[in-house]
Amino acid sequence: MGKVFLVGAGPGDPELLSLKASRLIKEADVILTDNLVFGVKKQIPEGKKIVDVGKTAERHKLSQDEINRLLVELAVSGKYEKVVRLKGGDPFIFGRGSEEALFLKEHGVDFEVVPGISSAVAVPADFGIPLTHRGVSSSVTVVTGHEQEKEEKEEGEEGKGEEGKGEGGGLDWEAVANLRGTLVILMGAGNLARNVGRLLKHGMPAETPVAVLERGFTSDARIVVGELGNIVKLARQARVKPPAVVVVGEVVKVREKLQKSKSQNLVGSQNLQEP
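Sequence positions in the sequence shown follow the numbering used here and run -18 to 256.
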């Protein structure tokens, strides 16, 4: 029987892979990949067996249950000693890695989790936004921008939570809106208007700084900076598309001090702001 490795691929930059992740990619007999590992796919040796199981909001190649079963089938087939499940970011941060691990354990399949750098941390840093800063923010809250509505019974894309209490599923947006510190919303582009509306509804000030970080660690990376009261308008004007990380809080202002010049941000991405 083979062993399954749930490997975090980080935010997409192959240079941010851990040494262990890089080694396992080379040693794997078969690799199951997600959509968010685009830059890392180039590190997969030619001729390696690859199964693309990536999911987006509009399209699922395989359901999560099908992916779970496929991992078991590959491991018990006797054909593959090392089965690598390559996942964007960290497997245990909105990556469904724990669900896959539980399924593997229930079916007697040996597995190992290899952590990766989460985009919740890496992407803001790459755009020059610290999640904590002395005198500005001493806490960080990470939430998913995609949630299952109460009336929906079937899970969909990665990051959707189970049915639960509170508006929009299991997340208490009133509590989130009243948190102090930095709020990071992963998969934040598609439901930006709805989530911003929730924060405003529950009392977060409209002048709270916000940054939408689009396609971090790619040549198309962009940042849209505004406030809670106008960020939806700015993002629409910029035609922001997934994947995107949204950072809410005063730390967004720290980025201005880290810019190399007024016309160029820390990583040279286009800076779109309201005129």
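We treat Cβ as the ideally placed atom computed from N, Cα and C, and that holds for glycine. Here the structure is a predicted model, which is why all the values come from computation and not from measurement.
Tell me, to the nearest whole angstrom, how far the beta carbon of residue i is from that of residue j; I am working on the premise that it is less than 8 Å.
i	j	result
L43	V53	Rounded, the Cβ-Cβ distance is 13 Å, inconsistent with contact.
R203	A219	7 Å
G116	L239	Not a contact, Cβ separation roughly 16 Å.
V121	V165	6 Å
W154	H183	6 Å
G210	A225	19 Å between Cβ atoms; not a contact.
Would residue i and residue j qualify as a contact pair, given that the criterion is a beta-carbon distance under 7 Å?
i	j	result
T163	S100	no
P223	A156	no
H127	M185	no
V124	L152	yes
V206	A216	no
L173	V213	yes
F92	L85	yes
P190	V221	no
On a Cα-Cα basis, can you pick out the residue from the options that is closest to residue i?
i	options	result
S58	V229, V(-15) and P190	V(-15)
G69	L51, K182, V95 and R50	V95
V21	I166, D46, K86 and F198	F198
I48	Y61, D107, G210 and T14	T14
K60	P(-5), R50 and G(-17)	G(-17)
L(-3)	F92, N16, A56 and A106	A106
A56	G78, V90, Q24 and E27	V90
L0	K29, F19, I12 and Q24	Q24
A103	D201, S200, L194 and A9	L194
D10	F19, G28, D71 and L83	G28
K30	I12, S79, L51 and R196	I12
P72	V228, L17 and G230	L17
H88	D(-6), L51, L112 and G(-7)	L51
Please determine if the region 63 to 72 and the region 5 to 21 are in contact, where contact requires at least 3 C-beta pairs separated by less than 8 Å. yes
On the three-pair Cβ rule with 8 Å, is the region 88 to 100 touching the region -16 to -9? yes
Residue ranges of each alpha helix (DSSP H) within the region 165 to 204, 4 or longer: 173 to 182
Can you give, in chain order, each stretch of the alpha helix (DSSP H) that sits fully within the region 15 to 40 and has at least 4 residues? none
With a floor of 4 residues, list each alpha helix (DSSP H) that falls wholly inside the region 52 to 118, ordered by position along the chain. 78 to 87 and 100 to 107
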